[in-house]
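These notes concern the structure reproduced below.
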Amino acid sequence: MSETVALKEYFGVELAHRLSDLIKPSHPDFPDEWFVHAVADQVGPLPLKARVAVIADTLHRALPPDYAQSLQILLTILGQENETEEGMFTNGYFLMPVAFYVEKYGLQHFDLSMQAMYEITKRHTSEYAIRPYLTCHQDACMELLNKWRHDPNLHVRRLVSEGTRPRLPWAKRMPALKGDPAYNLALLVPLLNDPSFYVRKSVANHLNDLTKDYREATLGWLHVQIDRRGRDEHFAWMVRHALRSLVKSGDVEACALLEKL
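This note's numbering numbers the first residue of the sequence shown as 2 and each following residue consecutively.
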């Protein structure tokens, strides 16, 4: 992926060809020519997210009507897991329509869809795809997220934080889990000292989101965590990053918290 090309341009005819080539070996009946032409006819001047939706919707029309069968076909194209903290977009961008397919068409197939998101996020991300599931299947999602926050894969652990952010960029704002920020904060506890900076940065951004909508609860929780954890360097960075918006606004309590680090 080149930085000189607008991101949306990667979601057009070239990607339609690539997806066709990837799908065809496991699903020889895939209508590749029709798929490419259908995408080409629709993407035109559309922005990025609309292009992703076009490709996902066209995949839905091109694949078998049975969701489980179609999902299994799509899972064959995921490729190798991303073992680094980089490349989820630069290398895994082609999976964005697959994630959107799961987001839009899989809500009635919770177990299949969540397992698909688990695999997708190890190559790309499921931080957007999971959000409707958090609304429609809250308890079941919470049960899985409580397991995933201990997963050996850093991208899965990051998903626990990033996917539940109230103010995730490019996504519709979402209230705290079950309407109570205590659920968000409890999910984040094992991730506060995560060995991956990628995960810790997501946690800091999540906490920054919470300070905007649930200031008192978040600051109170941070007070407790600071008292428990002391002057750990990684944790101190996370707290500073989490409080950046409040500090910028001159919030007295947030500034006092930083003095404890």
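Even for Gly, the Cβ is constructed at its ideal location relative to N, Cα and C.
| Which residues in the same chain have their Cβ closer than 8 angstroms to the Cβ of residue 197, if we skip the five residues on either side of it in sequence? | Locating residue 197 in the sequence shown gives position 196, counting from the first residue. Only 86, 155, 158, 159 meet the Cβ criterion.
| said: Closest to residue 79 by C-alpha separation, out of 208, 19, 55, would be which residue? | reply: Here residue 79 is taken as the residue at index 78 of the sequence shown, counted from 1. That would be 19, whose Cα lies nearest to the Cα of residue 79.
| Beta carbon of residue 57, beta carbon of residue 9: below 8 angstroms? | Numbered from 1 along the sequence shown, position 56 holds the residue referred to as residue 57. Numbered from 1 along the sequence shown, position 8 holds the residue referred to as residue 9. Going by C-beta atoms, residue 57 is not nearer than 8 angstroms to residue 9.
| Contained alpha helix (DSSP H) runs [length at least 4] in the region 120-183, N- to C-terminal order | 132-137, 139-149, 155-163
| Which term fits residue 128, buried or exposed, when burial requires 16 or more other beta carbons within 10 angstroms of its beta carbon? | Locating residue 128 in the sequence shown gives position 127, where the first residue counts as 1. Counting Cβ neighbours within 10 Å, residue 128 comes out buried, since at least 16 surround it.
| task | Find out if the Cβ-Cβ distance for the pair residue 130, residue 90 is shorter than 8 angstroms. | result | On the sequence shown, position 129 is the one that residue 130 refers to. On the sequence shown, position 89 is the one that residue 90 refers to. No, they are not a contact pair.
| said: For residue 261, report the span of its alpha helix (DSSP H) as first-last. | reply: Within the sequence shown, the letter at position 260 stands for residue 261. Residue 261 -> no alpha helix (DSSP H), and no H or E assigned at all.
| query | Can you tell me whether DSSP reads residue 29 as helix, strand or coil? | reply | Your numbering for residue 29 matches position 28 in the sequence shown. DSSP places residue 29 in coil when its eight states are reduced to three.
| Quick one, are the C-beta atoms of residue 54 and residue 36 less than 8 angstroms apart? | On the sequence shown, position 53 is the one that residue 54 refers to. On the sequence shown, position 35 is the one that residue 36 refers to. For residue 54 and residue 36, no; Cβs fall outside 8 angstroms.
| request: Identify, in the order they occur along the chain, each residue of the same chain with its Cβ nearer than 7 angstroms to the Cβ of residue 65, setting aside the five sequence neighbours on each side. | output: Residue numbering aside, residue 65 sits at position 64 when the sequence shown is read from its first letter. Counting only Cβ-Cβ distances below 7 angstroms, and skipping sequence neighbours, we find 71.
| query | Could you give the residue range of the alpha helix (DSSP H) that holds residue 191? | reply | Mapped onto the sequence shown, residue 191 falls at position 190. Neither: residue 191 is in no alpha helix (DSSP H) and is coded neither H nor E.
| task | Rounded to whole angstroms, what's the CA-CA distance from residue 168 to residue 177? Just pull it up for me. | result | By 1-based counting over the sequence shown, the position of residue 168 is 167. By 1-based counting over the sequence shown, the position of residue 177 is 176. Distance between the alpha carbons of residue 168 and residue 177: 10 angstroms.
| query | Considering only the beta carbon of each residue, do residue 189 and residue 204 sit closer than 8 angstroms? | reply | Reading the sequence shown from its first residue, position 188 is the one you call residue 189. Reading the sequence shown from its first residue, position 203 is the one you call residue 204. Result yes, Cβ atoms of residue 189 and residue 204 sit closer than 8 angstroms.
| task | Tell me, to the nearest whole angstrom, how far the beta carbon of residue 60 is from that of residue 98; I am working on the premise that it is less than 8 angstroms. | result | Position 59 of the sequence shown holds residue 60. Position 97 of the sequence shown holds residue 98. Correct: roughly 6 angstroms between the Cβ atoms.
| field | DSSP-derived helix/strand/coil call for residue 209 | value | For the purposes of this step, residue 209 is identified with residue 208 of the sequence shown, where counting begins at 1. Residue 209 falls in the helix class under three-state DSSP.
| said: Using only the alpha-carbon positions, how far apart do residue 44 and residue 125 sit? | reply: Position 43 of the sequence shown, counted from the first residue, corresponds to residue 44. Position 124 of the sequence shown, counted from the first residue, corresponds to residue 125. C-alpha separation (whole angstroms): 22 angstroms.
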